[in-house]
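**Q**
Chains as they are written, first to last, in full-length UniProt numbering: chain A, 1 to 462; chain B, 1 to 462.
1. If you compare alpha carbons, which of B:238, B:382, B:104 and B:68 is closest to residue 200 of chain B?
2. Tell me whether residue 61 of chain A is buried or exposed, calling it buried when 16 or more other Cβ atoms sit within 10 Å of its Cβ.
3. I think residue 98 of chain A touches residue 261 of chain A, with their Cβ atoms under 8 Å apart; what is that distance to the nearest whole Å?
4. Which residues does DSSP pair with residue 58 of chain B in a beta bridge?
5. By DSSP, does residue 257 of chain B sit in helix, in strand, or in coil?
6. Roughly how many angstroms separate the alpha carbons of residue 12 of chain A and residue 335 of chain A, rounded to a whole number?
7. Give me the Cα-Cα distance between residue 21 of chain B and residue 57 of chain B, rounded to the nearest whole angstrom.
8. Using only the alpha-carbon positions, how far apart do residue 115 of chain A and residue 140 of chain A sit?
9. Considering only the beta carbon of each residue, do residue 462 of chain B and residue 94 of chain B sit closer than 8 Å?
10. Would you grab the beta carbon distance between residue 48 of chain A and residue 228 of chain A for me? Rounded to a whole angstrom, and I think it's under 8 Å.
11. What residue ranges within the region 60-131 of chain B form continuous beta strand (DSSP E) runs of no fewer than 3 residues, ordered along the chain?
12. Return the chain-ordered list of same chain residues with a C-beta closer than 7 Å to the C-beta of residue 327 of chain A, the five sequence neighbours on each side being excluded.
13. Apart from the five residues on each side of it in sequence, which residues of its chain come closer than 8 Å, Cβ to Cβ, to residue 68 of chain B?
14. Name the chain A residues whose beta carbon is nearer than 9 Å to that of residue 31 of chain B?
15. Step through the CB atoms of chain B and report whether any lies within less than 8 Å of the CB of residue 349 of chain A.
16. State yes or no: is the C-beta of residue 213 of chain A within less than 8 Å of the C-beta of residue 349 of chain B?
17. With 16 as the cutoff for other CB atoms within 10 Å, does residue 251 of chain A come out buried or exposed?
18. How far does the alpha helix (DSSP H) with residue 151 of chain A in it extend, from its first residue to its last?
19. Buried or exposed: which applies to residue 279 of chain A, given that a residue is buried once 16 or more other Cβ atoms fall within 10 Å of its Cβ?
20. Contact criterion: CB-CB distance below 8 Å. Does residue 219 of chain A meet it with respect to chain B?
21. Should the region 68-87 of chain B be regarded as contacting the region 117-136 of chain B, the criterion being three or more beta carbon pairs within less than 8 Å?
22. Using beta-carbon positions only, say whether residue 467 of chain A and residue 113 of chain A come within less than 8 Å of one another.
23. Count the other CB atoms within 10 Å of the CB of residue 236 of chain A; is the residue buried (16 or more) or exposed (fewer)?
24. Smallest Cα separation from residue 35 of chain A: which of B:36, B:7, B:27 and B:33?
25. Would you report the Cα separation of residue 268 of chain B and residue 424 of chain B, rounded to the nearest angstrom?
26. Quickly, what does DSSP pair residue 465 of chain B with across the bridge? List them, please.
27. For residue 225 of chain B, which residues in the same chain have their Cβ closer than 8 Å to its Cβ, ignoring the five residues on either side in sequence?
28. Taking the alpha carbon of residue 125 of chain A as the point to measure from, which residue in A:143, A:275 and A:118 has its own alpha carbon closest?
29. By the criterion of Cβ-Cβ separation under 7 Å, what are the contact partners of residue 207 of chain A in chain B?
30. Starting from residue 382 of chain B, follow its DSSP beta bridges and name the residues at the other end.
31. Pull up the DSSP beta-bridge partners for residue 432 of chain B, would you.
32. By the 10 Å Cβ neighbour count, where 16 or more other Cβ atoms means buried, how is residue 373 of chain B classified, buried or exposed?
33. Give me the chain B residues within the contact set of residue 83 of chain A, using Cβ-Cβ distance strictly less than 7 Å, ordered along the chain.
34. Taking 8 Å as the threshold, find out whether the region 164-174 of chain A comes into contact with the region 337-353 of chain A through three or more Cβ pairs.
35. By Cβ distance below 6 Å, which residues in the same chain neighbour residue 314 of chain A in space, the five residues on each side in sequence not counted?
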């Protein structure tokens, strides 16, 4: 349960990890669309939520590591606000629910920070990603927006990552709720994958499902019959028989925990022989990765094993050739699988990406790999119980990339460019589940969205 | 038709109005939700769209009023972008479609502006509302974010308002498309206004309708059985029989033109006697305002006439008393109708609000009124053919406001606070249509959403 105790405990652990200084955690403010008062759906900062649990705009939290003081800065409403926005619970009452007894008007944040600066105290802050908070930090700390990332506290970054990486029971329950909405979104999209349907109608309908459930999509929906484009947000096509519809989408609950699934469906509901062959390889890679996911193994090693399954499968079809291990060592698989196997997931769909993927996904023991394809792997380090991760292998036929490799003679020992020609309009297939790393291995989060070719065909046909 | 000619013509008129200097129009960039790469639905700046028609992020347009040169600054994609985002038409080709022949990499914007600064030329820019553009203007012009509004070009603001206020035929056609989606959203909400329904389910469903149509809501949906809160974005209640559901929502087309309607529906489909009495007054005010809307009259005068209809109606029910004209002169109506009758609408739902409501809605002849209620009127000035405006009177029973007035003895000559007591949980009613000011009078835009009590009841009951 997300009660007072959980937030108090998290802040206590954070103070223990830091040792000294003042921790400044900024909440987000409303983001304008086309003029100041017309704003996007409000999204609170995830780290602020993790430690303070308050989903309202224009708040800041300051934790004095030495004295132990914890203060929330924010403003209460006046009669004008009540007319336009309705009566509101006071900040004092809201703060009490997350175990904070001290609150102060927002303007006093400047005094508090100024005083700490005059006293020469260390102020720990995180790298800002919202321009509004960059402007605020300029005023508060006198650090130019472009320099703030550099001056952000690495100690704080590492402490936050250490805490947020291992999910508590209440967080896992909340992620399962996000998965339940994600399930509904994907099954609806499958049923709508009929010839003549407009991609935008499907994307809008499943976004509407998440909204009607009281959540929002956890990231802009990727939905396209041109699934070879990895992050395709162009939904302008009308579905054609013979194409594959790739949908990568998830929900974010009202408490802001995410799900993230990908499924690939034959338009009209029947796989062609060629589609099914590639689909089975991706499915085998997904299943193999889930089997291997357990504490103590690096996700880099799981990623590379998925790459080997893909390479072996494509070799069996004559699209790749040579020794499988050698092909993967040379990064030949990345022509077809040019991204990473997965990432952490939690309060952010790419969990804590704002804090720096290098700190979230790697450590002193496991360093990022600089090879095309594997370089995009967001999580490489050793897995621990409580990590929530995605498992999302894929095979794509990207004309521009195939042309480039063919022209520049890259990995010609492992790829049969001649045979590839008949796949130029194939598109792409990705299959993504969400996993919890457990003591014994891993657990699939939520009900598995239909994934075998038979299940998918049956779902489309209804 | 939104063709090359229309954009070229608009820029030509803008140059004529300005006379000298360099016009700098910034497009918007993607706004992050919870980390840099996870962004909201992209929304281009409306003025940038009006003059350049390009709906992509990270563009800037510079118009040299003296030489006549027009340049779009922006970057083309590389192979990595193609893998993730798909193949893209070049900036050169995109620009050609809106009549621009000169394009340059985004980084050259800095050189162009620096050069103009060195030459001591006047640089016209608009007040920024996105923090990203405030940071950019700090770098480009060396003006502190908090000072930029003050240094924005009033000449440019006035020229843009003069052009954008009078809608062209193609714009009106596009607004009608937004109205068609808005109609669908409202009729769906009416049908869903049943006891036990969750407000969020209805709000999410109608947002989903706009998305599935290839549009987005033109502003955050206001939907509540507590309609007395004017901008209520809290959708957490379950509808109760005996309450009224107020829905204020509209769509924005892919070209970014808005609609904006409000309807108020009895939960379950049958008005009580008390609800119907108040509803009929609001409807009479709406109809009377539409009748009066024509070129040459000020919208302030139409607003005040709507206030008189409301006052007379409430007097007939015994809730107000005394002379109607005197009551309105004293602002007594504003206890029940504490907002303005309407605003301009176009590429923004509150059209051009970022440029300053004082310039959009008022002029030397018609000045804003400083009285509670009428002070919120966004459009007061004389109407002209081609203006698109909203007509949205309302009556609300706001407990906090009633208590305040009663306690402070405000307008006690015109209000029967005793009789008001039985209305404390009534909620609020608002009825909003969109109007085009024509040469002869006004024209309702789009099919009128069911509005008579009989139409509304029939729609809910299906």
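Think of the CB as a built atom: it goes at the ideal place given N, C-alpha and C, for glycine as much as any other residue.
**A** According to the structure shown:
1. Here residue 200 of chain B refers to the residue found at position 200 when the second chain is read from its first residue. Ranking B:238, B:382, B:104 and B:68 by Cα distance to residue 200 of chain B puts B:238 first.
2. Residue mapping note: residue 61 of chain A aligns to position 61 of the first chain, counting from 1. When all chains shown are included, residue 61 of chain A counts as buried.
3. By one-based count along the first chain, residue 98 of chain A stands at place 98. By one-based count along the first chain, residue 261 of chain A stands at place 261. The pair is not a contact, with the Cβ atoms about 31 Å apart (cut-off 8 Å).
4. Taking the first residue of the second chain as 1, we reach residue 58 of chain B at position 58. Partner(s): none; residue 58 of chain B has no beta bridge.
5. By 1-based counting over the second chain, the position of residue 257 of chain B is 257. Correct three-state label for residue 257 of chain B: coil.
6. Along the first chain, read from residue 1 onward, the residue named residue 12 of chain A stands at position 12. Along the first chain, read from residue 1 onward, the residue named residue 335 of chain A stands at position 335. Taking the straight line joining both Cα atoms gives about 47 Å.
7. For the purposes of this step, residue 21 of chain B is taken as residue 21 along the second chain, with counting starting at 1. For the purposes of this step, residue 57 of chain B is taken as residue 57 along the second chain, with counting starting at 1. Approximately 25 Å, taken between the alpha carbons.
8. Indexing the first chain from 1 puts residue 115 of chain A at position 115. Indexing the first chain from 1 puts residue 140 of chain A at position 140. So the alpha carbons of these two residues sit roughly 11 Å apart.
9. Along the second chain, read from residue 1 onward, the residue named residue 462 of chain B stands at position 462. Along the second chain, read from residue 1 onward, the residue named residue 94 of chain B stands at position 94. No; because the gap between Cβ atoms is not below 8 Å, this pair is not in contact.
10. Looking up residue 48 of chain A in the first chain gives position 48. Looking up residue 228 of chain A in the first chain gives position 228. About 38 Å separates the two Cβ atoms, so there is no contact after all.
11. 60-64, 70-73 and 102-104
12. Here the question's residue 327 of chain A lines up with position 327 in the first chain. The residues are 311, 320, 333 and 414.
13. By one-based count along the second chain, residue 68 of chain B stands at place 68. Here the set comprises 15.
14. The residue given as residue 31 of chain B occupies position 31 in the second chain. By Cβ distance, chain A contributes 31, 32, 33, 40, 130 and 131.
15. Here residue 349 of chain A refers to the residue found at position 349 of the first chain. Chain B, which has a Cβ nearer than 8 Å to the Cβ of residue 349 of chain A, makes this yes.
16. Taking the first chain and counting its residues from 1, the one referred to as residue 213 of chain A is at position 213. Taking the second chain and counting its residues from 1, the one referred to as residue 349 of chain B is at position 349. No, they are not a contact pair.
17. Mapped onto the first chain, residue 251 of chain A falls at position 251. Under this definition residue 251 of chain A is a buried residue.
18. Walking along the first chain from the start, residue 151 of chain A turns up at place 151. Where residue 151 of chain A is concerned, the enclosing alpha helix (DSSP H) stretches over 148-151.
19. The residue given as residue 279 of chain A occupies position 279 in the first chain. Label assigned to residue 279 of chain A: buried.
20. To locate residue 219 of chain A, count along the first chain from 1; it is residue 219. Judged by the 8 Å Cβ criterion, residue 219 of chain A is in contact with chain B.
21. no
22. Absent from the model: residue 467 of chain A. The displayed extent of chain A is 1 to 462, so no value can be given.
23. Here residue 236 of chain A refers to the residue found at position 236 of the first chain. Flag for residue 236 of chain A reads exposed.
24. By one-based count along the first chain, residue 35 of chain A stands at place 35. When only C-alpha atoms are compared, the closest one is B:27.
25. Along the second chain, one-based indexing puts residue 268 of chain B at 268. Along the second chain, one-based indexing puts residue 424 of chain B at 424. Cα to Cα, the separation comes out at about 21 Å.
26. Limits of chain B in this structure are 1 at one end and 462 at the other, which puts residue 465 of chain B out of reach.
27. Here residue 225 of chain B corresponds to residue number 225 of the second chain, with the count starting at 1. Correct list, in chain order: 199, 237, 239, 240, 243, 244, 245, 246, 267 and 427.
28. Here residue 125 of chain A refers to the residue found at position 125 when the first chain is read from its first residue. The shortest Cα separation from residue 125 of chain A among A:143, A:275 and A:118 belongs to A:143.
29. For this step, residue 207 of chain A is matched to residue 207 along the first chain. The answer, in chain order, is 208 and 211.
30. Here residue 382 of chain B refers to the residue found at position 382 of the second chain. Paired residue(s): B:298.
31. For the purposes of this step, residue 432 of chain B is taken as the residue at position 432 of the second chain. Answer by DSSP bridge pairing, in chain order: B:262.
32. The sequence position of residue 373 of chain B within the second chain is 373, counting from 1. Buried, since its Cβ has 16 or more Cβ neighbours within 10 Å.
33. One-based indexing of the first chain puts residue 83 of chain A at position 83. Those within 7 Å of residue 83 of chain A in chain B are 230, 338, 398 and 401.
34. yes
35. Locating residue 314 of chain A in the first chain gives position 314, counting from the first residue. Cβ within range, chain order: 320.
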